[in-house]
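Engineer:
Number of protein chains: 2
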Amino acid sequence: MNGLLTDLYQLTMAAGYFQAGKAREIATFELFVRRLPPNRNYLIAAGLAQAVDYLLNLRFTSEEIAYLRGLAQFARAPAEFFDALARFRFTGDLLAVPEGTIVFAGEPILTVRAPLMEAQIPETYLLATVGFQSLVATKASRLVNAAAGRAVVEFGTRRAHSPEAGVLAGRAAYIGGCIGTSNTLAGFRYGIPVFGTAAHSWVLAFESELEAFRQLQQLLGPAAVFLIDTYDTIEGARKAASLGRPMWGVRLDSGNLVELSRAVRRILDEAGLPDAKIMATGDLNEYKILELAKERLPIDAFGVGTELATSADAPALGVVYKLVELRSGGVTRYTAKFSQDKETMPGAKQVFRFPDHDVIGRAGERPACAPDGTPAEALLRPVILDGELVAELPGVASARQRAQESLKRLPTACLSLFTIDPPYRVEYSEEIRKLQESIRDSRVGAPL
Amino acid sequence: MNGLLTDLYQLTMAAGYFQAGKAREIATFELFVRRLPPNRNYLIAAGLAQAVDYLLNLRFTSEEIAYLRGLAQFARAPAEFFDALARFRFTGDLLAVPEGTIVFAGEPILTVRAPLMEAQIPETYLLATVGFQSLVATKASRLVNAAAGRAVVEFGTRRAHSPEAGVLAGRAAYIGGCIGTSNTLAGFRYGIPVFGTAAHSWVLAFESELEAFRQLQQLLGPAAVFLIDTYDTIEGARKAASLGRPMWGVRLDSGNLVELSRAVRRILDEAGLPDAKIMATGDLNEYKILELAKERLPIDAFGVGTELATSADAPALGVVYKLVELRSGGVTRYTAKFSQDKETMPGAKQVFRFPDHDVIGRAGERPACAPDGTPAEALLRPVILDGELVAELPGVASARQRAQESLKRLPTACLSLFTIDPPYRVEYSEEIRKLQESIRDSRVGAPL
């Protein structure tokens, strides 16, 4: 399953490791972000469940192997490479921070330790899975933060980058703090609360707006949300109010939300419906919600689509997967990249979380302690060992709770929607720095 | 299959149509973009093949139906709705512009005509499929245009919004004009040329850069592309050049491409390798490529990842799916939305393409003729009729060719990477305008 869902060069490299007699070497790769996206002071890690599912089920069918054999790039590949694909199983280790954990630039979100081929091939899938869901979970937390106590629902599948991305966006948005999603499959698969009542087409499908509302009320009762802007928002609000209870309330999807929300609130109140709520939707993002929340508008909930499901102001995450160690015949070689602006730190790492800062240390370091003696939390934990799942993966509800608790522990400044300076304190341990220097010395100036 | 991969409100509305006795009414929905994204003067339509596959295979399993029955939103839903889901088949019609067709704002990319429920439920999936692939195909065409004859390869799966989005991005980028993709599954599934040789981890995995290059040359022969920036680009170029033939050439992934490409070209030429090529990668986009191409740099090919697979400068498309007609008992009602800034035009439409402009007319209009008597091309064609595929879908190669031919016929100004004013001429026919006025008159001022 999914064997070919990777960049071709992962497979040519895998073939090359066999050719070079390196296929049995044990590689350690780390997945992390080089730098946080614009206006972000933290990231919420998400996507681990899909990464694990992928690693445990990664296979190559005979049709897929035949396809590779037919490519020019594999004309000279050793036969044992194709045999290895046919019996491919991930037999290595995966360490990861639990979903919902706050992470910063440079901190490994997951670590893969496995024979070179097994560690190399998954790179592409792992990056796409963890990168995308972390982007959306982070974006969701920003929206929820801006909404200052009002509910935020994820509505973006239609604008997601493919239908499947929409399902995963619903999942990640829930982990990031949304109360649910409009994506029904995300509800079915992951047990996430699902929301949604009716679109403009519902109103258009009836001879009159009033009849459309009446039918919706009959169908949904207290869950009915009347979309009131198809023809004229104020008229629509009056019609909705005229129906009386039961209803959840109304939804505004266009126009000036400042004026309309106040006017609609008055109409509902005057109709004796002070408990009827107002939801706002329509091209919202955290910056607009921040403004609306500051105005103390009578809006009870926000539905956010495009901006959330595509993380539109930061649609890509600089997430990378780097070789940091290679063990061959009992000897470990530490590796790092020194190219301009793309330097990496060698050696397998651990992230030690203190109350007010993080230390990125070597995986084998003794966990340091906070000044009060509390040991730092080591964020990376074993999930797969020798190809077997060793830790039960928490569901989305636990991941969501972890994210909320992590956000509460962050300094308030980090919750800003804009980049703060200085950023949250993340340091490298002395041991890691020493290792980096030793590698650099062995490289610089030496004809390799 | 995929029944729940939709917004919940599509399903509540479907239930409501049964409740209201409207389930047998025949609806016509049109999918189009409200306005072109920033800096775009056209769109390349893509994603039809996936849309068709979805419509023909859309089903609900008994587990999925049981899930819906358990939701509060369906507590009052009529039993016949669940029966209808259990035997769901798309029995309607799909008209569409062929993949690779250039379209403009307001022009239907596809039209769905079916019983209300069958036309409503697919909205979310169709928007996500056609919207995303059209974004990427369009972005690809911009990159290819900027590259001015140099090859462009899609390398973005790792940054795509989920692994599956990466596969579809590879597909759409090929339709838009890329010569291929790094996504192996896109190659296997769609027959797209695949590219890729080795990453930095390959270089790091060997004791020396030279040994890494030598092994790659042995594996790939004339397809070998040496990634020369792991330690020092100039040194890397010398080592690659020292190996002599066979090789495709080298890849630059960081640093100042202007200086480095010239220096590397000299090194290759001096080594007697004038036929060795240079590929540039690393956070490229059409604007950077335009600059590089203007400098007449010795770069033969570009690999573009993040910016292409996420359409980063325009990561979302304002694509919508609007009810335009509803037929009940032989009477057709034309529908439109008049809410602020979100007006739509009523009635099923056809797009008539003239040599220098388009006319959006009513579906039943007689195709108008160009001044020389040539009939305009009607872009929307039947693909599914009564639930059966009636037109063989062209493969990606045909779609790519269609895109290239369409781009050639566009006025050169439209190929600008920036918005032109006036935009390409697209008019509504008199018949459509009359229909809109008749609807508006019947609505305005009338208590609906």
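So the sequence lines, in the order shown, correspond to chains G and U. Just so it is clear: in the first sequence, position 22 is 22 by the numbering used here, and no numbers are missing. Here the numbering used here runs 1000 ahead of the position in the second sequence, where the first position is 1. C-beta atoms are modelled at their ideal positions from N, C-alpha and C, and glycine is treated no differently.
With distances taken between CB atoms, is the gap from U:Glu1123 to U:Ala1045 smaller than 8 Å?
Structural biologist: No; because the gap between Cβ atoms is not below 8 Å, this pair is not in contact.
Engineer: Between the C-alpha atoms of G:Ala66 and G:Ala172, what's the straight-line distance to the nearest angstrom?
Structural biologist: Rounded to whole angstroms, G:Ala66 to G:Ala172 spans 36 Å at the Cα level.
Engineer: Please tell me whether U:Met1013 has its Cβ less than 8 Å away from any Cβ of chain G.
Structural biologist: So yes, U:Met1013 belongs to the interface.
Engineer: What residues of chain G sit near U:Phe1195, judged by a beta carbon separation below 8 Å?
Structural biologist: Under the 8 Å cutoff, chain G gives Leu8.
Engineer: Can you pull the chain G residues whose beta carbon is under 7 Å from the beta carbon of U:Thr1124, in chain order?
Structural biologist: What U:Thr1124 touches in chain G: Thr157, Arg158.
Engineer: Is there a Cβ of chain G sitting closer than 8 Å to that of U:His1357, yes or no?
Structural biologist: Closer than 8 Å: no.
Engineer: Helix, strand or coil for U:Gly1191, going by three-state DSSP, please let me know.
Structural biologist: Coil at U:Gly1191, not helix or strand.
Engineer: Here's a check: name, in chain order, each residue in its chain whose Cβ is nearer than 7 Å to the Cβ of U:Gln1010, leaving out the five neighbours to either side.
Structural biologist: Closer than 7 Å at the Cβ level, and outside the excluded window around U:Gln1010, lie Gln1120, Ile1121, Glu1123, Thr1124.
Engineer: So, is the C-beta of G:Thr28 closer than 8 Å to a C-beta in chain U?
Structural biologist: False, the Cβ-Cβ gap to chain U never drops below 8 Å.
Engineer: Using a C-beta cutoff of 8 Å, does G:Thr281 count as contacting chain U?
Structural biologist: No, because no Cβ of chain U sits closer than 8 Å to the Cβ of G:Thr281.
Engineer: May I ask you to list the residues that DSSP assigns as paired with G:Ile102?
Structural biologist: According to DSSP, G:Ile102 bridges with G:Ile44.
Engineer: Using 8 Å as the cut-off, can you tell me whether the stretch 25 to 37 of chain G makes contact with the stretch 112 to 119 of chain G, which would need three or more C-beta pairs spanning the two stretches below that distance?
Structural biologist: With the cut-off at 8 Å, the stretch 25 to 37 of chain G and the stretch 112 to 119 of chain G touch.
Engineer: Note down, in chain order, every chain U residue with its Cβ under 7 Å from the Cβ of G:Gly347.
Structural biologist: Within chain U, no residue comes near G:Gly347; the closest Cβ sits about 13 Å away, beyond 7 Å.
Engineer: From U:Glu1291, U:Tyr1321, U:Leu1284, U:Ala1301, pick the residue whose C-alpha is nearest to that of U:Asp1313; which is it?
Structural biologist: Checked all of U:Glu1291, U:Tyr1321, U:Leu1284, U:Ala1301; the closest Cα to U:Asp1313 is U:Leu1284.
Engineer: In whole angstroms, what is the alpha-carbon distance linking U:Asp1358 and U:Ser1429?
Structural biologist: Cα-Cα distance, rounded: 10 Å.
Engineer: Does the distance from the CB of G:Thr91 to the CB of G:Pro108 come in under 8 Å?
Structural biologist: No, they are not a contact pair.
Engineer: Between U:Pro1163 and G:Pro193, what straight-line distance do the alpha-carbon atoms span, to the nearest angstrom?
Structural biologist: One C-alpha to the other measures close to 25 Å.
Engineer: Looking at the C-beta of G:Lys408, does it have a partner C-beta in chain U at a distance below 8 Å?
Structural biologist: For G:Lys408, the answer is no, since every Cβ of chain U falls outside 8 Å of its Cβ.
Engineer: Identify whether U:Leu1448 lies in helix, strand or coil by the three-state DSSP scheme.
Structural biologist: With a pLDDT of 31 at U:Leu1448, under the threshold of 50, the modelled position of that residue is not reliable, and the figure given next carries that caveat. Three-state DSSP puts U:Leu1448 in coil, outside helix and strand.
Engineer: What whole-angstrom Cβ distance do U:Val1304 and U:Gly1156 have, given they're in contact under 8 Å?
Structural biologist: That pair is a contact at about 7 Å.
Engineer: Closer than 8 Å, CB to CB, is U:Leu1273 near chain G or not?
Structural biologist: Output row for U:Leu1273: interface = no.
Engineer: G:Thr129 lies in the beta strand (DSSP E); which residues open and close that run?
Structural biologist: Per DSSP, G:Thr129 belongs to no beta strand (DSSP E); it is in the alpha helix (DSSP H), 123 to 147.
Engineer: At a Cβ threshold of 8 Å, is U:Trp1202 touching chain G?
Structural biologist: Judged by the 8 Å Cβ criterion, U:Trp1202 is in contact with chain G.
Engineer: Using 8 Å as the limit for Cβ to Cβ distance, is U:Glu1064 near chain G?
Structural biologist: Yes, because at least one Cβ of chain G sits closer than 8 Å to the Cβ of U:Glu1064.
Engineer: Mind checking the stretch 1231 to 1265 of chain U against chain G and listing, in chain order, the residues whose C-beta falls within less than 7 Å of any C-beta there?
Structural biologist: Those residues of the stretch 1231 to 1265 of chain U that come within reach of chain G (Cβ to Cβ, closer than 7 Å) are Tyr1231, Ser1254, Gly1255.
Engineer: Does the contact criterion of 3 or more C-beta pairs under 8 Å hold for the stretch 1013 to 1024 of chain U versus the stretch 1141 to 1157 of chain U?
Structural biologist: No contact exists between the stretch 1013 to 1024 of chain U and the stretch 1141 to 1157 of chain U.
Engineer: Quick check: the stretch 185 to 202 of chain G against the stretch 323 to 339 of chain G, are at least 3 beta-carbon pairs closer than 8 Å?
Structural biologist: No, they do not touch.
Engineer: For the beta strand (DSSP E) that U:Phe1029 lies in, which residues bound it at each end?
Structural biologist: Looking at the DSSP string, the run of the beta strand (DSSP E) that includes U:Phe1029 is 1026 to 1033.
Engineer: Compare the Cα-Cα distances from G:Ala224 to each of U:Phe1074, U:Asn1256, U:Arg1381 and report the closest residue.
Structural biologist: When only C-alpha atoms are compared, the closest one is U:Phe1074.
Engineer: Give the C-beta separation of G:Leu135 and G:Glu286 to the nearest angstrom, bearing in mind that I take them to be a contact with Cβ-Cβ under 8 Å.
Structural biologist: That belief does not hold up - the Cβ atoms of G:Leu135 and G:Glu286 are roughly 13 Å apart, past 8 Å.
Engineer: So the candidates are U:Gly1131, U:Pro1315, U:Glu1343, U:Glu1211; which of them puts its Cα closest to the Cα of U:Ala1051?
Structural biologist: When only C-alpha atoms are compared, the closest one is U:Gly1131.
Engineer: Taking all protein chains shown into account, decide if G:Asp386 is buried (16 or more other Cβ within 10 angstroms of its Cβ) or exposed.
Structural biologist: With fewer than 16 Cβ atoms within 10 Å of its Cβ, G:Asp386 is classed as exposed.
Engineer: So the alpha helix (DSSP H) U:Thr1306 belongs to, where does it begin and stop?
Structural biologist: Element bounds for U:Thr1306: 1306 to 1309.
Engineer: Spatial neighbours of U:Ala961 within its chain, please: C-beta separation below 6 Å, excluding the five flanking residues on both sides.
Structural biologist: The structure shown does not extend to residue 961 of chain U, since chain U is modelled only from 1001 through 1448, so no value can be given for it.
Engineer: Going by DSSP in three states, U:Glu1007 sits in which element: helix, strand or coil?
Structural biologist: Note that residue 1007 of chain U is Asp in the sequence shown, not Glu. Three-state result, U:Asp1007: strand.
Engineer: Closest Cβ-Cβ distance between U:Arg1440 and chain G: below 8 Å?
Structural biologist: Judged by the 8 Å Cβ criterion, U:Arg1440 is not in contact with chain G.
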